[in-house]
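**Q** Each residue of the sequence shown is one higher than the one before, starting from 21 at the first, in my numbering. Could you have a look at this structure, given as structure tokens, before my questions?
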Amino acid sequence: MLANIIYSADYSHHSTQLVHHLISCAFTEKGLPVSERFLMGESAEGNLGNIQSLASPRVARKKGIWRYLPSPLTKKLVHLVMDSSIDVVICDGPGVMRPFIPVLERLEHLKLMIVLHGSPRFRDSDVRKLIKYNNRIRLIPVSRQLAGQIACQHPQLKGMVRSVSNTLMPEFERKLYAREEARNKLGLPNDGYISVIASRLTRKKNVEFAIRAFAKGAGEGRYLAIMGDGPEREGLRQLVASLRLEEHVFWLGWVSSGHQYLKAFDLFISASLEEGFGLSLLEAHAAGLPVVCSRIPAHEEVLSKEAYFFDVEDLEGCAQMIATMPPPIGCCNLGERHDEFVRGYLDIYSELSSC
21 MLANIIYSAD YSHHSTQLVH HLISCAFTEK GLPVSERFLM GESAEGNLGN
71 IQSLASPRVA RKKGIWRYLP SPLTKKLVHL VMDSSIDVVI CDGPGVMRPF
121 IPVLERLEHL KLMIVLHGSP RFRDSDVRKL IKYNNRIRLI PVSRQLAGQI
171 ACQHPQLKGM VRSVSNTLMP EFERKLYARE EARNKLGLPN DGYISVIASR
221 LTRKKNVEFA IRAFAKGAGE GRYLAIMGDG PEREGLRQLV ASLRLEEHVF
271 WLGWVSSGHQ YLKAFDLFIS ASLEEGFGLS LLEAHAAGLP VVCSRIPAHE
321 EVLSKEAYFF DVEDLEGCAQ MIATMPPPIG CCNLGERHDE FVRGYLDIYS
371 ELSSC
């Protein structure tokens, strides 16, 4: 039995939630049962039914008084593992790994598969524990470039690293809304060329850069939809106003299952400065959209020949690509990607089980 523990039920963790659901499906499709839980947040419906939450954010993060008291979470996790006969726990990053290390110390049969969605900020104490239990733990970066980065930052952990590139379900495109239906549901005009930025509105997503690039070619019938929310939202609204783009920009906010609406758009833009993988690019490409994106390692790994790349600081280059309304490049073989994804996780599970 496996347990798949997802860090948070909050919408800001939506991409990692999707990846962990795919990991669960990789095992259940092969007849291996998986129990999904959120470490913290509200319970919610997931791929395997209702997903229960294990703790409040204050307890899980050891905030307030819980910083000074023994965590009740350890006892709860031990009971979860024992009562459900769990032998392997899939951890969503260091945030889930840390509360499970004390459980690993108590239960000698337990193994951990730690999925790393970005560059991990391991503490010295984390590294010591990982080395101590190296035969019972595997670190799984979601891309090859991230695996290389971790190996450089923590060479002593290199032997524990097994990368598995993220993917989508093979039937991904069949579950998308058609163009007209998607536009109607989002309240978008049926005519016009609409580019989209779909991401958290944070500095590392570099949305300001993308807006400025769009502004250089904005004109009649050209629009930009911004799907997402985050701390940069108000500043970006002010930027749009200063560029006199209010009539050309649609603020969609957070959209539940936003990937289902991708066919509403004509072009996908990502100016991110860094990514662990770049799942949104793969979603856009699989939906049939042309992709204009920054030349960073994660983007190049996901769509090496299927995207229009601009250098991170090249505003003119980005603007020109957006203005030309480029066609999509190539087609997406999700079946092959998915098979590699499933094979990768099953191989790691077999390796840990034999230790």
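All C-beta atoms in this analysis are idealised placements derived from N, C-alpha and C, irrespective of residue type, glycine included.
If I measure Cβ to Cβ from His129 and keep anything under 7 Å in the same chain, skipping five residues before and after, which residues do I get?
**A** Excluding positions up to five away in sequence, the list reads Asp107.
**Q** With a threshold of 7 Å between beta-carbons, can Ser374 be considered close to chain D, or not?
**A** Chain labels in this structure do not include chain D; a single protein chain is all it has.
**Q** For Met117, is the classification buried or exposed, using 16 other Cβ atoms within 10 angstroms of its Cβ as the cut-off for buried?
**A** Label assigned to Met117: buried.
**Q** Just list the residues that DSSP pairs Cys377 with in beta bridges.
**A** Residue numbering for the chain in the displayed model covers 21 to 375; residue 377 lies beyond these limits and cannot be assessed.
**Q** Quick one: using the 10 Å Cβ neighbour count with 16 as the cut-off for buried, is Pro347 buried or exposed?
**A** The residue in question, Pro347, is exposed, as its Cβ has fewer than 16 Cβ neighbours within 10 Å.
**Q** Thinking C-beta only, is Val39 closer than 7 Å to Thr48?
**A** It is not a contact, given that the beta carbons lie outside the stated cut-off.
**Q** Taking the C-alpha atoms as reference points, what is the distance between Leu127 and His305?
**A** For Leu127 and His305, the distance between alpha carbons rounds to 44 Å.
**Q** Is Trp274 near Asp249, with beta carbons less than 7 Å apart?
**A** Cβ atoms of Trp274 and Asp249: closer than 7 Å.
**Q** Measuring only the C-alpha atoms, how far is Lys225 from Ser73?
**A** Lys225 and Ser73: Cα-Cα distance of roughly 29 Å.
**Q** Assign Asn155 to one of three DSSP states: helix, strand, or coil.
**A** Note: Asn155 maps to helix in three-state DSSP.
**Q** Unbroken beta strand (DSSP E) runs of length 3 or more, entirely within the stretch 100-130: which are they?
**A** Complete beta strand (DSSP E) runs here, min 3: 108-112.
**Q** Between Phe288 and Leu309, which are expected to be in contact by the criterion C-beta below 8 Å, what is the C-beta distance as a whole number of angstroms?
**A** Yes, Phe288 and Leu309 are in contact; Cβ-Cβ is about 5 Å, under 8 Å.
**Q** Looking at the structure shown, is Asn14 part of a helix, part of a strand, or coil, going by DSSP?
**A** Residue 14 falls outside the range modelled here, since the chain spans only 21 to 375, and no answer is possible.
**Q** Helix, strand or coil for Glu201 per DSSP?
**A** If DSSP states are grouped into helix, strand and coil, Glu201 belongs with the helices.
**Q** Taking 8 Å as the limit between beta carbons, can you name the residues of its chain near Arg141, skipping five residues before and five after?
**A** Result list for Arg141: Pro114, in chain order.
**Q** Starting from the C-beta of Gly278, find all residues in its chain whose C-beta is less than 7 Å away, skip the five residues before and the five after it, and write them out in chain order.
**A** So the list reads Ala218 and Met247, once near-sequence residues are dropped.
**Q** Which residue from Gly241, Leu22 and Ser32 puts its Cα closest to that of Arg57?
**A** Minimum Cα distance to Arg57 is reached at Leu22.
**Q** Tell me, please, whether the stretch 148-155 touches the stretch 164-173 by the rule of three or more beta-carbon pairs shorter than 8 Å.
**A** Taking 8 Å as the limit for Cβ pairs, the verdict is that the stretch 164-173 does not touch the stretch 148-155.
**Q** Quick check: the Cα distance between Cys45 and His34, rounded to an integer number of angstroms?
**A** Taking the straight line from one Cα to the other gives about 17 Å.
**Q** Helix or strand or just coil, what does DSSP make of Trp86?
**A** Reliability fails at Trp86, whose pLDDT of 46 lies under 50, so the model's placement of it is uncertain and no value is given.
**Q** Using three-state DSSP, classify Cys351 as helix, strand or coil.
**A** Coil.
**Q** Given the structure, does Ser183 come close to the ligand SAH, in the sense that its CB is under 6 Å from one of the ligand's heavy atoms?
**A** Annotation note on the ligand SAH: not contained in the displayed structure, which lists no ligands.
**Q** Under 7 Å Cβ to Cβ from Ala75, same chain only, skipping five residues before and after it: list those, please.
**A** Contacts found: Leu59, Met60 and Leu93.
**Q** Can you look up Leu208 in the DSSP assignment and give me helix, strand or coil?
**A** Correct three-state label for Leu208: coil.
**Q** Compute the distance between the beta-carbons of Lys283 and Arg199, then report whether it is under 7 Å.
**A** Yes; because the gap between Cβ atoms is below 7 Å, this pair is in contact.
**Q** Taking the Cβ atom as the reference point for each residue, do Gly241 and Gly207 lie within a distance shorter than 7 Å?
**A** For Gly241 and Gly207, no; Cβs fall outside 7 Å.
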